[in-house]
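Trainee:
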Amino acid sequence: MGLPLVPGYQGKDQSIDNLIGEAERIGFPVIVKAAAGGGGRGMKVLRSREEARELIESAQREAQSAFGSPIVFLEKYLERAKHIEFQVFADCTGRAVHLNERECSVQRRHQKIIEEAMSPSLTLELRQKMGEAACLIVEAANYRGAGTVEFLFQDGQFYLLEVNTRLQVEHPVTELVMGVDLVKAQIRTAENEAVFPEHQIRAARGHSIECRIYAEDPELGGVPSTGRIGHVHWPEGPGRRFDYGFDPNDEVTPFYDSMIAKVIVWDETRPRAIQKMLRVLDESVIFGVKTNIPLLKKIINHPEFVAGTMTTRFMDQHFPGPVKREKKTGEEQWIKEALRKIPKGLSVATSTGGGGSSPFHTPWRGI
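For the sequence shown, our numbering begins at 14 and goes up steadily by one.
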């Protein structure tokens, strides 16, 4: 199809010596990826021949453990690339459409943290070319349903990365700017209905940002935080969406991915969406486990993020280690002091149920 591809190797010979030789042919740095899955597992960056053997073996072990297959492939590692993906959909007519792109460059250990629709980096011409390429791939494969065509974008050039044949975690940002329900569209496609007739394709409106909430301790560099979830408060409001799979008293275990929620906002412009996301994160409350909310606020406030120039190296360059503890807000400080005053063995409901002198709203009052 003539699409630009990142130089790489996807051969059957999985011997370490052959993979090292292919990495040298491609030219360091090279990234090793698990062929049977994603999510950042089984990925290692090789920067020299000396470290290649150990890292390839490590990637193969991780791939085997996570996906049941040790097979890996190699790609040239682009140091200054953006990760941009196009949401595509092919209904029962065989016609594929794209619903514009998402910016997914803010990643840690190759796992996405923040996604946006749309990317602040694409011109109208580039958006059209990449969207057409995405649809071409889907139609050539006779694909049906929702999918994502992912690209790396560097120095004005885009390269095909991969195709995900599923609805991805970050689909809400596309839904909010395009005014579609992708889950409903998949159900209608399964019922053999035409979903996106030509006259129904809508133009994008506004800007949307999604933050993934992880149960982890940012002060310890992202170590998973496990335990029972206590009180949870999501600040509902216009242009705000909260997708979550945990409720109070549920337990976060070490056996699964540590993502517990997604916070999504929409507003007329990207600067307004950034302001709204910061406020929503400030007002979101999760007791019982540590979360990455302090890290998310620092990322969104960073000048490079605000300018929209971040690349996939953003986290390595600006947030490689632990995040310093922030000062508590007035409400958080009051709650902490109130808890300290509760006599041992006395329940929170008994000690605060009679109405306290807090100047803030507290979820415990009157329980």
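By construction, the Cβ of each residue, glycine as well, lies at the ideal position given by its N, Cα and C atoms.
(1) Nearest to G334 by alpha carbon, out of Q100, D230 and V162?
(2) Would a C-beta distance cut-off of 8 Å place V43 and E98 closer than the cut-off?
(3) In terms of residues, what are the limits of the alpha helix (DSSP H) holding M131?
(4) Residue ranges of each alpha helix (DSSP H) run of no fewer than 4 residues wholly in the region 252–327, ordered along the chain?
(5) Where does V236 land, buried or exposed, given buried means 16+ other C-beta within 10 angstroms?
(6) Find the nearest neighbour of R292 within the set G192, W247 and R201, judged by alpha-carbon distance.
(7) Kindly confirm or deny that the region 166–176 and the region 139–152 touch, where touching means at least three C-beta pairs closer than 8 Å.
(8) Have a look at S78, A103, V58 and Q100 and flag the residue whose alpha-carbon is nearest the alpha-carbon of F86.
(9) Excluding five sequence neighbours on each side, which residues of the same chain lie with their C-beta closer than 8 Å to the C-beta of C148?
(10) Please classify T178: does DSSP put it in a helix, a strand, or coil?
(11) If distances are taken between C-alpha atoms only, which option among V19, K46 and G15 comes closest to I39?
(12) Indicate whether the contact test is met: 3 or more Cβ pairs, each with one atom in the region 311–326 and one in the region 256–271, closer than 8 Å.
(13) Can we say the region 189–209 touches the region 297–304, given the rule of at least three CB pairs closer than 8 Å?
(14) Could you say which of S134, V265 and E223 lies nearest to D280 if we only look at CA atoms?
(15) List, from N- to C-terminal side, the beta strand (DSSP E) runs of 3 residues or more that fit wholly inside the region 42–67.
(16) Taking only the alpha-carbon atoms, compute the straight-line gap between I200 and L189 and give it to the nearest angstrom.
(17) Report the CB separation of V186 from D104 in whole angstroms; it is logged as a contact under 8 Å.
(18) In angstroms, rounded to a whole number, what distance separates the CA positions of R62 and D260?
(19) Please report the distance separating the alpha-carbon of L173 from that of A94.
Mentor: With the structure as the only source:
(1) The count along the sequence shown starts at 1 and reaches residue 334 at position 321. That would be D230, whose Cα lies nearest to the Cα of G334.
(2) The sequence position of residue 43 within the sequence shown is 30, counting from 1. The sequence position of residue 98 within the sequence shown is 85, counting from 1. Not closer than 8 Å, so no.
(3) Working through the sequence shown from its first residue, we reach residue 131 at position 118. Careful: M131 lies outside any alpha helix (DSSP H) and carries neither H nor E.
(4) 283–296, 306–314 and 316–320
(5) Stepping through the sequence shown from its first residue, residue 236 is reached at position 223. So V236 ends up on the exposed side.
(6) Sequence index remark: in the sequence shown, residue 292 carries index 279 (1-based). Taking only the C-alpha atoms, the option nearest R292 is W247.
(7) yes
(8) Against the sequence shown, residue 86 aligns to sequence position 73. Residue V58 is the option with its Cα nearest to F86.
(9) As a first step, residue 148 is located in the sequence shown; it is residue number 135 there, counting from the start. The answer, listed in chain order, is V101, A109, V110 and H111.
(10) Here residue 178 refers to the residue found at position 165 of the sequence shown. Of the three classes helix, strand and coil, the one that applies to T178 here is coil, per DSSP.
(11) Translated into the one-based positions of the sequence shown, residue 39 becomes position 26. It is V19 whose Cα lies nearest to the Cα of I39.
(12) no
(13) no
(14) Stepping through the sequence shown from its first residue, residue 280 is reached at position 267. Out of S134, V265 and E223, E223 has the C-alpha closest to the C-alpha of D280.
(15) 43–47 and 57–59
(16) For the purposes of this step, residue 200 is taken as the residue at position 187 of the sequence shown. For the purposes of this step, residue 189 is taken as the residue at position 176 of the sequence shown. Approximately 19 Å between the Cα atoms of the pair.
(17) Here residue 186 refers to the residue found at position 173 of the sequence shown. Here residue 104 refers to the residue found at position 91 of the sequence shown. That belief does not hold up - the Cβ atoms of V186 and D104 are roughly 21 Å apart, past 8 Å.
(18) As a position in the sequence shown, residue 62 is number 49, starting the count at 1. As a position in the sequence shown, residue 260 is number 247, starting the count at 1. C-alpha separation (whole angstroms): 48 Å.
(19) Residue 173 sits at position 160 when you count from the first residue of the sequence shown. Residue 94 sits at position 81 when you count from the first residue of the sequence shown. Their backbone Cα atoms lie some 12 Å apart in a straight line.
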